[in-house]
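For the sequence shown, my numbering puts the final residue at 801, and the numbers step up evenly by one.
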Amino acid sequence: MTRSTESVVGASDEAGTTLSRIPLRHSLTFKQAAVTLLVVLLLGLSVGTLELLLDWRAMRVEVRENLEHTLDLVEGSAAEALYQLNPELGSRVVDGLLVFEAVRYVELRDDFGRVLASQERPPLAASAFHRWSGLFADMTDFSRPLRQVEPDGARTEVGVLRVELSPERLTERFLQQAARGAFFGVARAVAISLLVVILFYLMITRPLLRLARAVAEIDPARPGYWPTPELRGHGRDELGLLLAHLRRLLDASQDGLDQRDRAQDELTALTRELEQRVRERTQALEQALNDLETRKDEVEHAFEELDWTHRRLSEANRLLLESHAYARRIQTSMLPDPAALGDDVGEVRVHWEPLHLVGGDWYWLERRGDQCLILLADCTGHGVPGAFVTLVLASVTEQVLRETSAWEPAAILADIDRRVRRRLRQDRSSDWTGLDSDDGLDAAVLLWDAGAHTLEFASVGGIPLLCLDPDKGITTVRGTRGHLGYQSLKPPDAIAGRRIAVPPGATLYLLTDGLTDQMGGAPRRLLGRRRIVEWLESHAALGLSDQIDGLCRMLTDYRADEPRRDDMTLIAFRPGSDAGVK
C-alpha cells in the first residue's frame, strides 16, 4: 500500500468515526425536528389563540341568542302567572328555565316588587374555572319586562322575569372545548413534525452524510483524481449543484498545484537572477553611501547655521516679550485705583481685558467731593498701537480734569477731543500731509453726585449706557454720533449731556464693542448687544463680581473655538441702596 493510499484510508476512517460521534442534539435531524416542532407549535398556538377568541365570541353570541329565544318562549306563561298571581304556574316557569345548565338563578317578580316564584341552583365547588369566570361575567344578568294583553288590546306591565347565568358553568363549558382543541392541536403539531423530519432525513441528511464521507477521501496532494460520488435523485437540485461546484473546485485545485510546480521551477531561475542583481546593486549602494557621507558634512554645516539663526530669533522674541510685558506694566500703572470713588458708591466692578498684553481700551475713576466720575474709552486699534493712544488719552484726561473747575460730561468729552487732536497734531486740515496718522477714540463719561443723588451722562461713538431697573429691565442710553480725535473726521457739532433718573437698586453698565463683536454660536454670527442685555436682566440678582465672572464664562462658551477679535472692557456701577433721583 502506498503512502498516499494510506493517508486516504486513514482520512476516510477518521471522517467516518467523526460523523458517527456527532451527538444527537447537534445533528441536522434533531435541529430540523426541533425547529419544525417549534414552528408548528407557534403557528398552532397563534391559530389556536385566534380560534379560541372566535369561539369565545361565538359562544357569547350563542348564549345570548339562546337565552333571548327561551325568554321569548316563556314570556307568555310568565306574564299569565303574574297576571293571575298564580305561584304554581310561576314555579313551573322557573323550573323550566332551570333545566338549562348555565342558568343559576330565576326570579319572577310582579309589578309591586313582590317575588311570585324564584329558584337558585347550588353553586359549583371551587375550582380553577372560577379564576376564568370573568370571561362571561358581563353577560350573566338578563331581565325581561312582562306585559299582559287586556281584552281591549292594551298591554299592561305585570312584572319582570329575571334570569341570572352562572359564569363558572359557562367558563367550564368554554374551557373544556378549548382543552379538546389544544390537545388535538398539539397532536397535529407532533405528527407534522415527525413527518417533516423523516422526509428531511431521507431527502437531505442522508445524501449529505454520503457526500461528507466521500469528501473525507480526497487526497490533498491529488485532489483532481477524486472519484465523484453518485447522488441519485439529486442531479438537478441544490445537492447536485453543490457536488458540481465541489468537482470544479477540486479540478481548479489540481490545476493550481500543477501551476505551483511550474512556478517553483521558474522561481528558482528567478532567484539566481535576483542574486546577481543584488550583488550589482550592493556595489552601487556602497558608492552612493560614500557620496552621502560627503553630503552629510554639508548638511551638518547648514544645520549649524540654522541653529545660530534660531538662537538669534529666540533672543529677539525674548526681548520683544519683555518689551510687551514692560508696556503692560506701564499701561496698568495708568489705570486708576479700584477704590478711587470711595465709600459713597455702593459697588463698582471693572473687567479690563486687552486682546494682547496691552490694548486700546482705557478707563478712569476719580472723585472730587461728592462727585464720582467714571470715564471709559475705546481707542483706535488694539495691541501696541492702541496702547500708545491710551497713554496720550490718559495724559490729556488728567489735564482736563485738573483744569476744569466744574465737571460736566459733555464739556469734558469736547475738551478731550480738542486736546487729543492737538497732541497728535491731527488738528490740521485734512489735506495737510505732514503726518500720516489718523487715530482717535470713542468715549463715555458718567458723573454721579452722591450728595445730590443726580446722574449725568455723555457719550460719543459706540459706548452706550445700560441702566438696569430691577422692576423694568434694562434701558439703553445712546450718546452722540461721531468720534473723537480723528484728523479725517470733524469734531461733533454738539455733544449732548443727559441727566438720567436712577431708580433705587439700579445697576449701570458701560461696555466697549469688544464684548458685543464676538463671533460664535451656530450658525456663526456676532454676539450683539441684545444677548448681553438679556443675560444681564436674567442675572440681575447677582453681585457685580458674580455678574462679571458669569458674563465672561458666557462669552467663552459662545465663542467656543473662535478667537477673540478686540479688547473688551466692562464697568458695572451701583450708586447705593438709597440711590434715586430726587
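By construction, the Cβ of each residue, glycine as well, lies at the ideal position given by its N, Cα and C atoms.
What is the DSSP secondary structure of THR424, reduced to helix, strand or coil? helix
Reduced DSSP category for VAL259 - H, G, I as helix; E, B as strand; rest coil: helix
Cβ neighbours of TYR444 in the same chain (closer than 8 Å, five flanking residues each side left out): ASP438 and GLN473
Among ARG717, ARG718 and GLY680, the one whose alpha carbon lies nearest that of PRO711: GLY680
Could you round the C-beta distance between ALA677 and VAL664 to whole angstroms and report it? I think they count as a contact, below 8 Å. 5 Å
Look at ARG328 and LEU335 and say whether their C-beta atoms are less than 9 Å apart. yes
Residue interval of the alpha helix (DSSP H) (run including ARG634): Note that residue 634 is Asp in the sequence shown, not Arg. Looking at the DSSP string, the run of the alpha helix (DSSP H) that includes ASP634 is 628 to 642.
Could you please give me the residues that DSSP links to GLY567 through a beta bridge? Strictly speaking, residue 567 in this sequence is Val, with Gly absent from that position. Looking at the DSSP assignment, VAL567 forms a beta bridge with PHE792.
Own chain, CB closer than 8 Å to GLY309, minus 5 neighbours either side, in chain order: ALA297, ALA300, LEU301, LEU327, LEU335 and ALA336
Kindly indicate the opening and closing residues of the beta strand (DSSP E) around PRO364. 360 to 368
Determine contact between the segment 607 to 619 and the segment 768 to 779, defined as no fewer than three beta-carbon pairs at a distance below 8 Å. no
Alpha carbon to alpha carbon, what distance is there between LEU730 and PRO683? 7 Å
What are the partner residues of ASP668, as DSSP defines its beta bridges? GLN590 and THR673
Can you tell me whether SER385 is buried or exposed, with buried defined as 16 or more other CB within 10 angstroms of its CB? buried
Residue environment, ARG793, which counts as buried when at least 16 other CB atoms sit within 10 Å: buried
Per the contact definition of three or more C-beta pairs closer than 8 Å, is the segment 783 to 793 in contact with the segment 562 to 579? yes
Give a yes or no on contact between the segment 260 to 270 and the segment 403 to 411, applying the rule of three or more CB pairs nearer than 8 Å. yes
Rounded straight-line distance, which links the Cα of MET553 to that of ARG584: In the sequence as presented, Arg is not what sits at residue 584; that position holds Leu. If you take the alpha carbons of LEU584 and MET553, they lie about 11 Å apart.
Within a Cβ cutoff of 6 Å, which residues of the same chain sit near VAL415, ignoring the five residues on either side of it in sequence? THR255
Is LEU554 helix, strand or coil by DSSP? coil
In terms of alpha-carbon separation, which member of HIS601, ASP646, ARG778 and ARG381 lies closest to SER707? ASP646
Since ARG340 and VAL322 should fall inside the 8 Å C-beta cutoff, what is the C-beta to C-beta distance between them, to a whole number of angstroms? 7 Å
Of the choices LEU380, GLN303 and LEU389, whose alpha-carbon is the least far from that of PRO342? LEU389
Which class does ARG481 belong to by DSSP, given the choice of helix, strand or coil? helix
If we call anything under 9 Å between Cβ atoms a contact, is ALA544 one with LEU576? yes
Straight-line Cα distance separating ARG644 from GLY799: Below a pLDDT of 50, predicted positions are generally treated as unreliable, and GLY799, at 46, falls in that range; the measurement from the model is reported next regardless. Near 43 Å, if we compare the C-alpha coordinates of ARG644 and GLY799.
Run through DSSP, which three-state label would GLN338 get? strand
Leaving out five residues before and five after PRO782 in sequence, what residues of the same chain have Cβ atoms less than 8 Å from its Cβ? none
Per DSSP, the bridge partner or partners of TRP527: Note: TRP527 sits in no beta bridge, so no partner.
Buried or exposed (CB count within 10 angstroms, at least 16 for buried), ILE160: For residue 160 there is no data in the structure shown, the boundaries of the chain being 220 and 801.
Helix, strand or coil for ASP580 per DSSP? strand
Using only CA atoms, which one of ALA759, ALA741 and ASP732 lies nearest to GLY747? ASP732
Would you kindly report the start and end of the unbroken alpha helix (DSSP H) that includes LEU605? It is worth fixing the name first, because residue 605 is Gly in this sequence and not Leu. 602 to 622 is the span of the alpha helix (DSSP H), which, as asked, contains GLY605.
Counting Cβ pairs closer than 8 Å, one from the segment 266 to 285 and one from the segment 390 to 401, do we hit at least three? yes
Using the C-alpha atoms, what's the distance from MET422 back to PHE249? 15 Å
Inter-residue CB distance, ALA629 and GLY704 (contact presumed, cutoff 8 Å): In fact, because the Cβ distance is near 16 Å, the residues do not count as touching under 8 Å.
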